[in-house]
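To start, the structure under review is shown below, and the notes come after it.
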Amino acid sequence: MRKAKTATGAALKSNRAVFGTRREAAGTIEVTGASGHNLRSVDASFPLGVMTCVTGVSGSGKSSLVLETLLPAIQRQLGVKSDGAPLEHESIIGFEPLQGVVGVDQAPLGRTSRGNAATYLKIWEAFRKRFTQQPLAKERGYKPGFFSFNVAGGRCEACRGDGAETVEMQFLADVVFSCPECQGRRFVGPVLDVEYMGLNIADVLELTAQQAAEHFGDDAILSRALRPLLDVGLGYLRLGQPLNTLSGGEAQRLKLAEALLRATPGSLLIFDEPTAGLHANDIEPLMKVLGDLVARGDTVIVVEHDMHVAAHADYVIDLGPGAGDGGGRIVAKGSPETVAKKKSSQTAPYLARALGKSKGKRAAAAKKTKASTAPLREIRIAGAREHNLKNITVHIPRDQLVVVTGPSGSGKSTLAFDVLFAEGQRRYLETLSPYARQYMPQLPRPAVDQVVGVPPSVSLEQRMTRAGANSTVATVTEVSHYLRLIWARIGVLHCVDCEVPIAARPATQLVHDVKRRFGSKKLTLLAPVVRGRKGIHRELFKKAMKDGFIEARIDGELQTLEPGMKLDRYIEHDVELVVGRAGGKSTELLLLLEKALEVGGGAAWAIAGKDEMQLSSKQACPNCGRGYPELDPRFFSFNTRQGQCPACEGRGEIIKKSWRGRRRKRAVEKRLCDQCEQTRLSPLARGVTVDEMSITTLFDLSVSEAVETLGQMDLRGRDAIIAKTPLQEALRRLSFLEEVGLGYLGLGRTANTLSGGEMQRVRLAAQLGSGLTGVLYVLDEPTIGLHPRDTGRLLTALRGLVDRGNSVLVVEHDADTIRAADHVIDVGPGGGKHGGRVVSQGKLSKMKGSVTAAALERPPKVPARRRTTQGVSWLELTGVTHHNLENVHVRFPLERFVTVTGVSGSGKSSLVREVLLRATREAVGMVNDSAAGELEKIKGFKSLNRAIEIDQSPIGRTPRSVPATYIGLWNTVRQLLAGTPEARARGYTASRFSFNVDQGRCPECKGQGSIHVEMSFLPDVDVPCETCNGMRFTPETLAVRWQGLNAGELLELEVAEAVEVFSPVKTIRQPLELLDELGLGYLHLGQPSNTLSGGEAQRIKLVSELAAGLNAGPTLYVMDEPTTGLHRDDVDRLLGVLDRLVNRGDSVVVIEHHPDVMLAADWIIDLGPEGGIDGGRIVAQGTPETIAKRKRSHTGQVLRRELGR
């Protein structure tokens, strides 16, 4: 940097040693016994007529002595107003020669654009007087206020003299642009006709201080007013430049200029760190100004850390030696050379260097040293012991695509989410205040020795639960947030009755509108002051009463205002103040209306009984006079009371509930809302247009159509500036949806109608479309629900994240994803206690001993002989028209294994889950939660007794549900325990061994084995119950043993262990063997169901069906992606179990993308060819070999590739 040819480089090269003669003092100000804060009864002498610098480490007592003791004490003695009383001290003498005192602190100059250098230094007053004295101004009667942009008169009223318009953009940065009326000049109209020396008032604001000084050089008063700006080196500053745009250094020098104006010669000037925010090159002009002040007879005292300032001083007082209790004393005093020699002073060596007297080299930081280590480019986890992890240590490369894989239950998710992500999130949350943390969900601290190098983390876990009916593609991806903002800020509002654009309307016209509406009725006029805002609003009511208001309409109810009145803080409120009452023909009506409009910010209400009319002087219909409120993004959301259709309450359908029959069963009747035409929005929202398009029209488009439409929007000027950022953000998210193949989805499509694959990628778009960099993304099987064709698109998107500088960690079983990874971590070798180790890691091609690598290299298993479909019965659906399915005719062979395939959105879930399953259930006399999709006819169902879906929804949401109870084997175990001699001797029945019954369970934890402890702003903790040590039962119950194990110990058994323990009991052994066979041997019998993954829950349901369905007769089983969460070896086990179902006479229909499942099927029905409106047709059906020959089929391409391996 020192070699750079820049101002900073030059400053670093220079030793900047300070030399000069010291001035003699003309007396001293003596402060004795200063003991405020940490000052230790300090006696200090401040010389008069020179520059004194007070130094010391931070917290040593400098500000306490100078700014809080000396300054206010002298202000009090000289009769000058001070900000507060001086700190405790005994006496102060020697101040009598002073002509005044001025303190300059570091408080901000201003937070708005209204203040500028000219107004701050009172220069503008001199200019306004000059303009007022011009002949044209006198002729027109212009007072100085006409030349002020803070007073109505000559200023532009469109921007109220601000010169700019600020549009509040909620969660985005506010947009500021020049006022379209005055083009940023602040003044408009006749006032600009007045000129002084060839310039009007707006022209003067555009001048720099130097230009103004030259132009008005012949005007002594203006020249004198401008001189301080030039003296402090701010000649380049525009007179009209807002104070809130100044840099820290400019603000400090402007304060210095103001001090020059305020202080008369012979005054005391005290500065608090005037070099704050100044470049090294800016310090020299500052020192010159301070020197000039001393030369004219002033006394200057500076609190400062910059040693070059201290070296310029005539006298230095150094406080310390430390901070807080270790400071508060004068360590050294005298000339800079004297203080620089004081060994006890921490300031001394640095001051000596500034004086050029230091023999040592520059600071150690300036020495040429090579970094001992390169920047850490990996995440290091050491000693991870969470769940089944075996004290593992693993290094994960950053800025790469990393896949963590391994058998089910091996510890993949534990490593990725419970250790890595949990630690990253915990560290971030610890930076927040305890108050903020108590409102945020937090993960517990993982059992790990060390995690190093983890960046900020974002997780996207596997969640198979459907979104609510109020969520749409646009809301889930946050696209609607940005579109609502655009329509609220630049939309053109149309009258909901007359369909004409609204416009400004003066009070005189509004009075005519009111009289036309109400006639001579007595009216109450209201002024809205709160619209849909939460809070207690106590101060508002207090001010209203002070202003003479005695009544208000609060949330629709007229109330008398009372002292101390307040509202519910957490509810949105509407408050309108009662301005007065008058008859429709009264002369007072206009006055009352004008007052209501003034108080209500241009809005008012006129009410007569239950009839009411909204009025607006800013936004009203030119035909009927109806007033409209200022647009707000909430008006365009059907989830808010302001935006939802009042008829259907934002649901798009009207729901009527009634009670029918003798048993008073609740009946629900639904019909589409004809008021909003299923747009779900209010008439007001539907009447707002941008580029002549309503937001409901946009929500009716598909993602691809919306991208094209938004890209072609013709926005200009103000509208283009305001919409630029939200439009970019909306297009970014929509483009990501297109990238992953979801361009066919409608923006307004409800999220609960999406397939699992679609929902997964929609949520991905919401998370990944943000454009963050330097982030660790942890994803849980993002390929769920994706056809192999779509997997490539997803990998391209994830690779794009890596290319932008992010790290991506994916827990995955998909072969294509594993092969595409930069780094693979294989966890295993088995599940449960047989896993928890890093078996191998690196590039897949170089991994040795990896279970995953071996499984991927294995060729697919193709059945030697498939079950034929000749002579079988068929379940036939005709005329299926549901979602994107249009008049589809399809047949499913019974007692066969059928796989339904196709790209995401092709109609698989619509056909299988919403038509086939529901229609079959209705046909065999079973009840559905929802009606089947539209179809003409279903045939061939008579041989079926049941139709069951085995999905991935949780088997229980509390710790009380466990695998042993769900499968039903715990009832048998309880009977075994109750049949032991010990139990019979004690009189225990089977209910004694239920942890859901008070009789035998632990009274402390209620049979849960753990106690949930809420930790306020820390993560909640589940701690083992100390009474039963996590065993769930009382000591008396645990005294009963079967095969040497009590009830608590039996629940602790893993499935694989339980197979051996219960080998003599067939009814228990068989379902346990099935669980083990499905790869769930690592689960504990008593593992809480709410800790199971979706794939684990689905396999437990499958075992339950196998165990319980033997006597149910022929059943149609429907499954949606049963391979979710399964390693390839586990998929083979699953296929074996499904074969058992078919072999016993059941029919299995599976929605699946896994190539191994496709190849194992007896029959494939392939939908497509694409998703959305381009799908919904049967592309091919037949055996896997038949499908592989179809060139139009994406599934056929995958099967050809697999059969050729």
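To convert, note that position 773 of the sequence shown is 957 in my numbering; the numbers rise steadily by one, no gaps. For each residue, glycine too, the CB sits at the ideal point set by N, CA and C.
Out of curiosity, what's the CA-to-CA distance linking residue i and residue j?
i	j	result
ARG1384	ARG1374	9 Å
LEU979	HIS997	14 Å
GLU1236	THR975	40 Å
TYR304	GLY419	15 Å
THR1221	ARG1176	7 Å
GLU390	GLY424	6 Å
ILE905	VAL359	8 Å
PHE455	LEU232	15 Å
GLY294	GLU442	14 Å
LEU710	VAL698	13 Å
GLY368	ARG870	34 Å
SER1331	ARG1130	10 Å
GLY927	GLY748	56 Å
SER266	ARG564	57 Å
GLY590	VAL994	12 Å
LYS1285	HIS1066	29 Å
PRO628	GLU352	39 Å
ALA914	GLU1098	32 Å
ALA1242	GLY1020	21 Å
ILE1371	LYS854	42 Å
THR531	LEU560	36 Å
LEU751	ILE276	53 Å
In the structure shown, what three-state DSSP assignment does residue i receive?
i	result
PHE361	strand
ARG1312	helix
PRO374	helix
ASP456	strand
ARG1105	helix
GLY508	helix
SER556	Bear in mind that the predicted position of SER556 carries a pLDDT of just 44, short of 50, making it too unreliable to give a figure here.
GLN912	helix
ALA547	Confidence at ALA547 is low in this model, with a pLDDT of 43, below 50, so the placement of that residue is unreliable and no value is reported for it.
THR649	Confidence at THR649 is low in this model, with a pLDDT of 45, below 50, so the placement of that residue should be treated as unreliable; the coordinate-derived value is given next. Residue state, collapsed to three classes: coil.
PRO328	helix
ASN990	coil
ASN334	coil
Counting C-beta neighbours from all protein chains within 10 Å, is the total for residue i 16 or more, i.e. buried, or is it exposed?
i	result
GLU1238	buried
GLY540	exposed
MET1031	buried
CYS682	exposed
TRP671	buried
ASP1314	buried
ARG701	buried
LEU1061	buried
ILE1252	buried
Would you say the region 955-971 touches the region 631-645, given that touching needs at least three Cβ pairs under 8 Å? The region 955-971 is in contact with the region 631-645.
Count the CB pairs spanning the region 1240-1255 and the region 1135-1154 that are closer than 8 Å, and state whether there are at least three. By the Cβ test, the region 1240-1255 is in contact with the region 1135-1154, since at least three Cβ pairs between them sit closer than 8 Å.
The region 729-744 in contact with the region 670-678 per 3-pair CB rule at 8 Å: Contact between the region 729-744 and the region 670-678 is absent, because fewer than three Cβ pairs lie under 8 Å.
Mind pulling the beta strand (DSSP E) runs of 3 or more residues that sit fully within the region 1339-1379? Secondary structure in the region 1339-1379: the beta strand (DSSP E) runs of 3 residues or longer, each lying completely within the stretch, are 1347-1352 and 1361-1366 in chain order.
Sufficient close CB pairs (3 or more, under 8 Å) joining the region 319-329 to the region 402-416: Short answer: they don't touch.
Quick one: which unbroken beta strand (DSSP E) runs of 3-plus residues sit fully inside the region 690-769? Chain order, please. Listed in chain order, the complete beta strand (DSSP E) runs (minimum 3 residues) inside the region 690-769 are 706-717, 735-738, 741-744 and 757-767.
Report the residue ranges of all alpha helix (DSSP H) runs contained in full by the region 383-445; include only those spanning at least 4 residues, in chain order. Fully contained in the region 383-445 are the following alpha helix (DSSP H) runs of length 4 or more, in chain order: 385-390, 393-399 and 404-415.
Quick one: complete beta strand (DSSP E) runs, 3+ long, within the region 914-985? Taken in chain order, the complete beta strand (DSSP E) segments of 3 residues or longer contained in the region 914-985 are 960-964.
Mind the definition here: the region 607-614 touches the region 1027-1045 only if three or more C-beta pairs lie below 8 Å; say whether that holds. Cβ pair count under 8 Å is below three, so no.
Can you find at least 3 beta carbon pairs, one from the region 268-281 and one from the region 340-360, that sit closer than 8 Å? No: fewer than three Cβ pairs fall under 8 Å.
In chain order, what are the residue ranges of uninterrupted alpha helix (DSSP H) at least 4 long that sit wholly in the region 1218-1284? Qualifying alpha helix (DSSP H) stretches, in chain order: 1219-1222, 1231-1236, 1239-1245 and 1250-1261.
Would you say the region 234-242 touches the region 492-502, given that touching needs at least three Cβ pairs under 8 Å? The region 234-242, when compared against the region 492-502, does touch it at the 8 Å Cβ threshold.
Entirely enclosed beta strand (DSSP E) segments - the region 208-262, minimum 3 residues: Within the region 208-262, the complete beta strand (DSSP E) runs of at least 3 residues are 212-218, 226-231 and 235-240.
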